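In the numbering used here, the protein residues as written are 54 to 118. All C-beta atoms, glycine included, are put in the ideal place defined by N, C-alpha and C. None of these values were measured; they are calculated from a predicted model. Notes to accompany the following structure.
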Amino acid sequence: MEQNIFINQLNIYELQNTLFSIFGFLNLLTLCLRILIFNTKSNPQHEPYKQNTYLIIYLTLNIKS
Numbered sequence: 054m055e056q057n058i059f060i061n062q063l064n065i066y067e068l069q070n071t072l073f074s075i076f077g078f079l080n081l082l083t084l085c086l087r088i089l090i091f092n093t094k095s096n097p098q099h100e101p102y103k104q105n106t107y108l109i110i111y112l113t114l115n116i117k118s
């Protein structure tokens, strides 16, 4: 009986970690997209900012996959 409770708690912790990582990834992705949209709307001449944001998105996708 105690082993079943322990296994259930482990499953809940794994589920929480998975959800937190998914929501954290989505949060970071929306942050990058907001930066990208803001920089291109405010001043189209800021190409380095756009490239840095693409780099952040690329690195984030590589870390998660």
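Through-space distance from residue j to residue i, alpha-carbon basis
| i | j | result |
| --- | --- | --- |
| N70 | N61 | 14 Å |
| Y107 | L68 | 30 Å |
| I65 | Y111 | 30 Å |
| F91 | T83 | 12 Å |
| T113 | F76 | 13 Å |
| L79 | L63 | 24 Å |
Nonlocal neighbours in the same chain, by C-beta distance under 6 Å from residue i, ignoring five residues either side
| i | result |
| --- | --- |
| I109 | C85 |
Residues of its chain near residue i, where Cβ-Cβ distance is below 7 Å and the 5 sequence neighbours each way are ignored
| i | result |
| --- | --- |
| S118 | Residue placement at S118 is poorly supported in this model, since its pLDDT is 48, which falls under 50; the coordinates still yield a value, given next. Hits under 7 Å: none found. |
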